[in-house]
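Below is one structure, written out as structure tokens; the observations come after it.
In our numbering, the protein residues as written are 27 to 298.
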């Protein structure tokens, strides 16, 4: 069977995975068909190891995964980290010092050593924070002081907002506090602070080059602004039908919605 591409790189939440955390059955079956035809599936997500692992196991791609919106590339089958970036001690120190200046209703969640951390008082006060942890299957480890985290090993900081209306204020607060970081919107109320230069697209370029796969033999699909660079990097960039407007505008093709099997639609295009 002739494939139009060798790789399909897929986002998880809102693309392959529904809001209730389940993989869309039609899309799952289509990706299995693509792999059975010799194709490779790569997960590209903002999630970390703990949160992405169940989906890796369900799909069984056997290939490295792009995690933390590109800050790490990890073989989830072995735990080997193939590529890593961190915020760096100086940027982390400035961010942590600035947490007190965040607008009310914006809750920080730093990641270090593959785990997510939060202050117990924040978890108790913030339904949005608890919803985030539940949706991503995360155990939020309690931290009394941000100084407890190893300053050179903080991968990223999630800022969970009580509502989308707080995102602009949260972004302004971060840009006043620190430079030399990358900011991405991964959901309507999630702002991520990443190491400078980190993106799913940058990680895809590095991984494809390391594996000798031309980018014109790669299809990538997503739904949110954190997927834009990846969609632009791939030879065939796709957006699900309910993706953010900017993502749909940047895509080469717009397929069905996540729930209607948009990923399956992409597979049908590249694997007749």
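C-beta atoms are modelled at their ideal positions from N, C-alpha and C, and glycine is treated no differently.
Residues near residue i in its chain [Cβ-Cβ closer than 6 Å; skip 5 each side]
i	result
residue 87	67
residue 250	212, 270
residue 214	190
residue 144	135, 166
residue 188	131, 154
Residue i versus residue j: straight-line alpha-carbon distance, rounded
i	j	result
residue 192	residue 167	25 Å
residue 216	residue 261	28 Å
residue 263	residue 202	34 Å
residue 124	residue 199	8 Å
residue 185	residue 62	39 Å
residue 232	residue 183	23 Å
residue 180	residue 28	43 Å
residue 41	residue 163	17 Å
residue 219	residue 53	30 Å
residue 121	residue 294	45 Å
residue 84	residue 239	24 Å
residue 146	residue 171	11 Å
residue 110	residue 298	36 Å
residue 237	residue 60	19 Å
residue 169	residue 136	10 Å
residue 104	residue 174	28 Å
residue 126	residue 278	42 Å
residue 36	residue 152	30 Å
residue 58	residue 34	11 Å
residue 282	residue 106	35 Å
residue 208	residue 241	23 Å
Integer Cβ distance of residue i from residue j, believed to fall under 8 Å
i	j	result
residue 56	residue 289	6 Å
residue 38	residue 71	4 Å
residue 259	residue 292	Contact doesn't hold; Cβ gap of about 16 Å is too wide.
residue 50	residue 287	6 Å
residue 257	residue 234	No, residue 257 and residue 234 are not in contact; Cβ-Cβ is about 14 Å, not under 8 Å.
residue 141	residue 76	7 Å
residue 252	residue 204	Not quite, the Cβ-Cβ distance comes to about 19 Å (not below 8 Å), so this is no contact.
residue 47	residue 161	6 Å
residue 331	residue 115	With the chain covering only 27 through 298, there is no way to say anything about residue 331.
Neighbourhood of residue i by C-beta distance below 7 Å, restricted to the same chain and skipping five residues each side
i	result
residue 206	117, 222
residue 195	129
residue 101	90, 108
residue 284	40, 41, 44, 50, 249, 266, 268
residue 149	155, 156, 166
residue 82	69, 91, 102
residue 274	265, 280
residue 254	272, 273, 276
Cβ shell of residue i (< 8 Å), same chain only, five flanking positions each side left out
i	result
residue 31	65, 243, 244, 245, 261, 262, 296
residue 176	138, 139
residue 80	163
residue 78	38, 69, 71, 91, 93, 102
Interface flag, residue i vs chain C, CB-CB below 8 Å
i	result
residue 224	This model lacks chain C altogether; it includes just one protein chain.
Next item on the list: Report yes or no: do three or more beta-carbon pairs, one from the segment 122-135 and one from the segment 93-112, lie closer than 8 Å?
Entry: Verdict: no, contact absent.
Next item on the list: Taking 8 Å as the threshold, find out whether the segment 208-226 comes into contact with the segment 245-256 through three or more Cβ pairs.
Entry: Cβ pair count under 8 Å is three or more, so yes.
Notebook entry, point to check: Touching or not, the segment 76-91 and the segment 151-158, by the rule of three or more beta carbon pairs under 8 Å?
Noted result: The segment 76-91 is not in contact with the segment 151-158.
Margin query: If we require 3 or more residues per run, which beta strand (DSSP E) segments fall completely within the segment 84-124?
Written below: Fully contained in the segment 84-124 are the following beta strand (DSSP E) runs of length 3 or more, in chain order: 91-93, 98-101, 106-110.
Notebook entry, point to check: Which ranges does the alpha helix (DSSP H) cover as unbroken runs of at least 4 residues, wholly within the segment 134-169, from first to last along the chain?
Noted result: Complete alpha helix (DSSP H) runs here, min 4: 146-151, 153-162.
Margin query: Could you tell me which whole alpha helix (DSSP H) segments of length 4 or greater appear in the segment 232-296?
Written below: With a minimum length of 4 residues, the unbroken runs of alpha helix (DSSP H) contained wholly in the segment 232-296 fall at 254-259, 271-276, 288-296.
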